[in-house]
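Asks: Note that this note's numbering has the sequence shown beginning at -11, numbered continuously upward. Ideal Cβ placement from N, Cα and C applies to all residues, glycine included. One structure follows; several queries about it will come next.
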Amino acid sequence: MKLFVCEYFTGGGLIGKDLSSNFIREGEMIIKSLLASLSKFQKTNQDIEFFFARDYRLRTKKFKNSCLYTPKKNIWSFWESCIEKSDAFWPIAPETENILERLSQIAIKRKKILIGSLPKAIRQTKNKYLTNKILQRNRLPIIPSRIFKKISPKFLKNLEKKNWILKPIDGAGADEVFILNKATKKIIDVIEKKIRNRMFILQPYLTGQVMSVSAIFAKDDFIPLTCNKLIINPSKGSVHYQKIEVGGAEFLRNEMTRIVKKIHTAFGGLLGYVGIDFIKNRKNLVVLEINPRLTTSYVGLARSINFNPVEIILKQFDKNYQNMREVKKRKLTVKKVVINVSR
């Protein structure tokens, strides 16, 4: 099987732009971890051949024979050509601006094996407002959300009493996530410019610890691999990830598993690696968002668990592999691995 891997930010998504994107570093971490896992898997599965897209401005020391440098323009044509030449396609891309969905649809249209969630599930989870509605219908704990259109005098007055979170309806990670309160009134002008060009949702600020789960979804089953703790650094009204403790929230495994089971039922078409973010407050575990793709937590996954995550993921897309029973028979052991993601 010939597998094409494309990590958006390091694989050509910034062609025509500078490489100062906040996501470049995390993209580098993810693609290096995935390629290392694929290389290890390849040693015992010689029928798999993988290659990956690489921005022509970025060098690579490892996996040179598997690297396909991008052209200086027409990146979508390049990606389509690479997908056409492959048997399977593994996209790692933001849901923003329909990028992940569009890449996934190309693979399906060309009848390639898509290593990831189906377009319908991507559509449902990229829209945070729609995600919340589906979670609410399935009686899962959420933070109330509303579409935010403009900053009114009434809202500004409200900032004196309450803290709010403002984030893009289709954002990825903590990109353009703002904390609004009386201390951040001075950045209101910046935020007003943002909401003119992009749709945002507003949520009450919920105090608690941000957690996540790294799970593998199949059509009829799922496996939570690690329960993680995310350290957030809120500064000057913005939110940034500082570090991730992969396996650092295993004490919540039972509670997370119950919620993941309901999410698996509610969102048909989530497949392969799925990352789900939560906030743990005094009362319960609240669902923040669902990521239908590799997340930064994947960087520590292979070191945290006692088997290769790539093996489990790829098996879910093998027609000869029926279910997860074989994997579930193995004893999963998890150790804490800390990833520094601060820029």
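#1: Taking C-beta to C-beta, are K323 and E233 nearer than 8 Å?
#2: Where do the N-terminal and C-terminal ends of the alpha helix (DSSP H) with E314 fall, by residue?
#3: Quick check: the Cα distance between N53 and K31, rounded to an integer number of angstroms?
#4: Quick check on the burial criterion: 16 or more other C-beta atoms within 10 angstroms. Buried or exposed for R318?
#5: Return yes when the Cβ of Y117 is within less than 8 Å of the Cβ of I135, no when it is not.
#6: When the Cα atoms are used, what is the spatial distance from I94 to A76?
#7: Helix, strand or coil: which one does DSSP assign to S25?
#8: Please name the residue in K231, K121 and W64 whose C-alpha comes closest to that of G288.
#9: Is the beta carbon of F205 closer than 8 Å to that of V262?
#10: Determine the burial state of E72: buried for a count of at least 16 other Cβ atoms within 10 Å of its Cβ, exposed for fewer.
#11: Taking contact to mean at least 3 C-beta pairs separated by less than 8 Å, is the segment 100 to 113 in contact with the segment 274 to 283?
#12: Helix, strand or coil: how does DSSP classify M244 here?
#13: Just mark F239 as buried or exposed, buried being the case when its beta carbon has 16 or more other beta carbons within 10 Å.
#14: Is V165 near V227, with beta carbons less than 8 Å apart?
#15: Answer yes if the segment -11 to 1 comes into contact with the segment 43 to 62, meaning at least three C-beta pairs across the two stretches below 8 Å, and no otherwise.
#16: Please list the segments of the alpha helix (DSSP H) lying wholly inside the segment 61 to 131, counting only runs of 4 or more residues, in order along the chain.
#17: Using CA coordinates, which residue listed in L(-9), G4 and M17 is at the minimum distance from L26?
#18: Do you know how far the Cα of T113 is from the Cα of I122?
#19: Roughly how many whole angstroms lie between the Cα atoms of Y(-4) and I189?
#20: Can you tell me whether L290 is helix, strand or coil according to DSSP?
#21: So which of K150, S133, D43 and K99 has the shortest CA-CA distance to L7?
#22: Looking at M244 and P192, is the spacing between their C-beta atoms short of 8 Å?
#23: Note down the Cα distance separating I301 from N242, rounded to an integer number of angstroms.
#24: Taking the alpha carbon of R45 as the point to measure from, which residue in M17, K271 and I12 has its own alpha carbon closest?
#25: At what residues does the alpha helix (DSSP H) containing V298 begin and finish?
#26: Taking its Cβ as the centre, do 16 or more other Cβ atoms sit within 10 Å of N335, making it buried, or is it exposed?
#27: Starting from P192, trace the beta strand (DSSP E) in both directions and tell me its first and last residue.
#28: Using 10 angstroms around the beta-carbon of N221, count the other beta-carbons present and answer buried if the total reaches 16, otherwise exposed.
#29: Would P36 and I80 be called neighbours here (beta carbons separated by less than 8 Å)?
#30: Should the segment 253 to 270 be called in touch with the segment 88 to 105, which here means at least 3 C-beta pairs below 8 Å?
#31: Can you tell me whether D265 is buried or exposed, with buried defined as 16 or more other CB within 10 angstroms of its CB?
#32: Report buried or exposed for Q304, applying the criterion of at least 16 other Cβ atoms within 10 angstroms of its Cβ.
#33: E14: which of Y286, M(-11) and V201 sits nearest, CA to CA?
#34: Under a three-way DSSP split, which group does N269 fall into?
#35: Which same chain residues end up closer than 7 Å to A237 when comparing Cβ atoms and leaving out the 5 residues on each side of it in sequence?
#36: Buried or exposed for T284, going by 16 or more other Cβ atoms inside 10 Å?
Replies: Let's see:
#1: Along the sequence shown, one-based indexing puts residue 323 at 335. Along the sequence shown, one-based indexing puts residue 233 at 245. It is not a contact, given that the beta carbons lie outside the stated cut-off.
#2: Mapped onto the sequence shown, residue 314 falls at position 326. Here the alpha helix (DSSP H) through E314 covers R313 to K317.
#3: Within the sequence shown, residue 53 is the residue found at index 65, counting from 1. Within the sequence shown, residue 31 is the residue found at index 43, counting from 1. Spanning the two alpha carbons is a distance of roughly 16 Å.
#4: For the purposes of this step, residue 318 is taken as residue 330 along the sequence shown, with counting starting at 1. Exposed, because fewer than 16 other Cβ atoms sit within 10 Å of the Cβ of R318.
#5: The residue given as residue 135 occupies position 147 in the sequence shown. The residue given as residue 117 occupies position 129 in the sequence shown. Closer than 8 Å, so yes.
#6: To locate residue 94, count along the sequence shown from 1; it is residue 106. To locate residue 76, count along the sequence shown from 1; it is residue 88. Each residue's alpha carbon lies about 11 Å from the other.
#7: As a working mapping, residue 25 is identified with position 37 in the sequence shown. The answer is helix: DSSP assigns S25 an H, G or I state.
#8: Position 300 of the sequence shown holds residue 288. When only C-alpha atoms are compared, the closest one is K231.
#9: As a first step, residue 262 is located in the sequence shown; it is residue number 274 there, counting from the start. As a first step, residue 205 is located in the sequence shown; it is residue number 217 there, counting from the start. Yes. Within cutoff.
#10: In the sequence shown, counting from the first residue as 1, residue 72 sits at position 84. With fewer than 16 other Cβ atoms within 10 Å, it is exposed.
#11: yes
#12: By 1-based counting over the sequence shown, the position of residue 244 is 256. Helix.
#13: As a working note, residue 239 is residue 251 in the sequence shown. Looking at its Cβ environment, which holds fewer than 16 other Cβ atoms inside 10 Å, F239 is exposed.
#14: Counting from 1 along the sequence shown, the entry for residue 165 is found at position 177. Counting from 1 along the sequence shown, the entry for residue 227 is found at position 239. Yes, these two residues count as a Cβ contact at 8 Å.
#15: yes
#16: 63 to 72, 87 to 97, 107 to 114 and 116 to 125
#17: Here the question's residue 26 lines up with position 38 in the sequence shown. Out of L(-9), G4 and M17, L(-9) has the C-alpha closest to the C-alpha of L26.
#18: The residue you call residue 122 lines up with position 134 of the sequence shown. The residue you call residue 113 lines up with position 125 of the sequence shown. Spanning the two alpha carbons is a distance of roughly 9 Å.
#19: Here residue -4 refers to the residue found at position 8 of the sequence shown. Here residue 189 refers to the residue found at position 201 of the sequence shown. The straight-line gap from Cα to Cα measures roughly 25 Å.
#20: Position 302 of the sequence shown, counting from 1, holds the residue named residue 290. Position check: residue 290 holds Ala in this sequence, whereas Leu was assumed. If DSSP states are grouped into helix, strand and coil, A290 belongs with the helices.
#21: Within the sequence shown, the letter at position 19 stands for residue 7. Considering only alpha carbons, the answer is D43.
#22: For the purposes of this step, residue 192 is taken as the residue at position 204 of the sequence shown. For the purposes of this step, residue 244 is taken as the residue at position 256 of the sequence shown. No.
#23: Translated into positions along the sequence shown, residue 301 becomes position 313. Translated into positions along the sequence shown, residue 242 becomes position 254. Cα to Cα, the separation comes out at about 22 Å.
#24: The residue given as residue 45 occupies position 57 in the sequence shown. For R45, the nearest C-alpha among the options comes from I12.
#25: Working through the sequence shown from its first residue, we reach residue 298 at position 310. P297 to K303 is the extent of the alpha helix (DSSP H) around V298.
#26: Outside the modelled stretch of the chain, which goes from -11 to 331, sits residue 335, for which no answer is possible.
#27: The residue labelled residue 192 in the question sits at position 204 within the sequence shown. Note, P192: beta strand (DSSP E), F188 to P192.
#28: Working through the sequence shown from its first residue, we reach residue 221 at position 233. By the neighbour-count rule (16 or more Cβ atoms within 10 Å), N221 is not buried but exposed.
#29: By one-based count along the sequence shown, residue 36 stands at place 48. By one-based count along the sequence shown, residue 80 stands at place 92. Here residue 36 turns out to be Ile, not Pro, going by the sequence shown. Contact flag unset, no.
#30: yes
#31: Taking the sequence shown and counting its residues from 1, the one referred to as residue 265 is at position 277. With 16 or more other Cβ atoms within 10 Å, it is buried.
#32: Position 316 of the sequence shown holds residue 304. That one is buried.
#33: Along the sequence shown, read from residue 1 onward, the residue named residue 14 stands at position 26. Checked all of Y286, M(-11) and V201; the closest Cα to E14 is Y286.
#34: Start at 1 with the first residue of the sequence shown, and residue 269 comes out as number 281. Coil.
#35: Working through the sequence shown from its first residue, we reach residue 237 at position 249. Around A237: M199, C215, N216 and K217.
#36: Numbered from 1 along the sequence shown, position 296 holds the residue referred to as residue 284. Its Cβ being crowded by 16 or more others within 10 Å, T284 is buried.
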